[in-house]
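Residue numbering for the sequence shown follows my numbering, starting at -19 and increasing by one per position.
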Amino acid sequence: MPYEATVIPLYYQLRSWHLTNTYWALILPQIGLSLPFAVFWMRTFFVSTPPALREAAAVDGASRFRTLRSILLPMAAPAIGTLATLLFLFAWNEFLLALVLVPDDRSVQTAPLALSFFAGNRRNSNPGVTAAAAVIVALPVLISYIALQRRMISGMLAGAVKE
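1. Since V82 and L6 are thought to touch, with beta carbons under 8 Å apart, how far apart are those beta carbons, to the nearest angstrom?
2. Can you tell which of P30, A91, P120, L(-10) has its C-alpha closest to the C-alpha of E74?
3. Could you pull out every residue in the same chain whose Cβ sits closer than 7 Å to the Cβ of I51, ignoring the five residues on either side in sequence?
4. Given this structure, state the Cα-to-Cα distance separating G41 from A59, to the nearest angstrom.
5. Below 8 Å on the Cβ atoms is my contact criterion, and I expect L48 with V(-13) to pass it. Report the Cβ-Cβ distance as a whole number of Å.
6. Suppose contacts are defined by Cβ-Cβ distances below 8 Å. Is L(-6) in contact with T0 by that definition?
7. In whole angstroms, what is the alpha-carbon distance linking V39 and T29?
8. Within 10 angstroms of its Cβ, does W(-3) collect 16 or more other Cβ (buried), or is it exposed?
9. Helix, strand or coil, according to DSSP, for F25 in the structure here?
10. Rounding to the nearest angstrom, what Cα-Cα distance links D84 and L63 in this structure?
11. Which of helix, strand or coil does DSSP assign to G12?
12. Does the beta-carbon of A111 have 16 or more other beta-carbons within 10 angstroms, so that it is buried, or is it exposed?
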């Protein structure tokens, strides 16, 4: 289903719950749209882990929860870091849902939506000021990517090679 097809039903549902123009109008759809991706991402990682690790933990007497907590989750740190980075990027750059669900309350708008209102629909606005605002909006994404670049790349490659 196209992403754009979910916007109108979401608007009517959240309006009936009196949640439009609130933080919840941004949070709940973001969770609903990100959760399937997160499940798919982590399932792919855990399926690619060697079964010998789980078998060795079972032989040592570890429960399934203990195996997950002590062996698999530390191994999954790069995949979790990459997933967190990607979901941060998706949430930070959210425009369409914010445009439809929180157009009136400036205090809950996303940065790209606020930038579009800042730039305005006039062609005679100051391009230098608009470019500076765009850099300020893009700066957190750029800083997080630079800081987490190695972890993100290793997380994307984790599980890419089968033994």
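Backbone N, C-alpha and C fix where the C-beta goes; we use that ideal spot for every residue, glycine too.
In terms of the structure at hand:
1. 6 Å
2. A91
3. L33, A37
4. 27 Å
5. At roughly 36 Å, the Cβ-Cβ gap does not stay under 8 Å, so L48 and V(-13) are not in contact.
6. yes
7. 17 Å
8. exposed
9. helix
10. 31 Å
11. helix
12. exposed
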